[in-house]
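Just below is one structure, and these are the notes that go with it.
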Amino acid sequence: MESLIKQIIAHQLPKILAMESHRKDWRYQLMSLKDKTLFDRLTLMKRQELLAWLQWYDNAGTYADHDCIRRGIPLFTKVGALTAAYQRIMREHEGWDGYMGTEYIRGSAL
1 MESLIKQIIA HQLPKILAME SHRKDWRYQL MSLKDKTLFD RLTLMKRQEL
51 LAWLQWYDNA GTYADHDCIR RGIPLFTKVG ALTAAYQRIM REHEGWDGYM
101 GTEYIRGSAL
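Below, the structure is given as structure tokens:
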């Protein structure tokens, strides 16, 4: 019986540790917010923090200044980065109406 318990713990421990690290990681914490709470939190963040979150969330995307310059596309402003982060987080929440405040942003190319 003790051996079985040790096997279960050994199998589940990495999952438990991963869940714990997700709980403490600011990027995952951000994803748990929504609506005005999310908007207020994003507003407090610096442009570089927003870009860092976007790069973490979508590592195939073009968010870093040097990538934008290399591809010849405009750099993200803080408002652009905030809008992109808000859209990416809110689209994961069921029932999102597509609005960020009074502006409809669902499906907009950012």
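The sequence shown lines up with residues 1 to 110 when you count with full-length UniProt numbering.
Just so it is clear, CB atoms sit at the ideal spot from N, CA and C, and this is done for glycine as well.
Residue 47 sits close to residue 77, with the two beta carbons spaced by under 9 Å. For the set 5, 38, 2 and 59, the Cα lying nearest the Cα of residue 93 is the one of 38.
Within the DSSP secondary-structure output, residue 103 pairs in a beta bridge with 100. Just measuring C-alpha positions, the residue of 108, 28, 59 and 5 sitting nearest residue 80 is 108. Under the DSSP assignment, residue 39 falls in the alpha helix (DSSP H) whose first and last residues are 35-44. In the structure shown, the three-state DSSP call for residue 64 is coil. The residues 42, 50, 53 and 54, in chain order, have a CB closer than 7 Å to that of residue 85 in the same chain once the five nearest residues on each side in sequence are set aside. Judged by their CB atoms, residue 57 and residue 27 are nearer to each other than the 9 Å cut-off.
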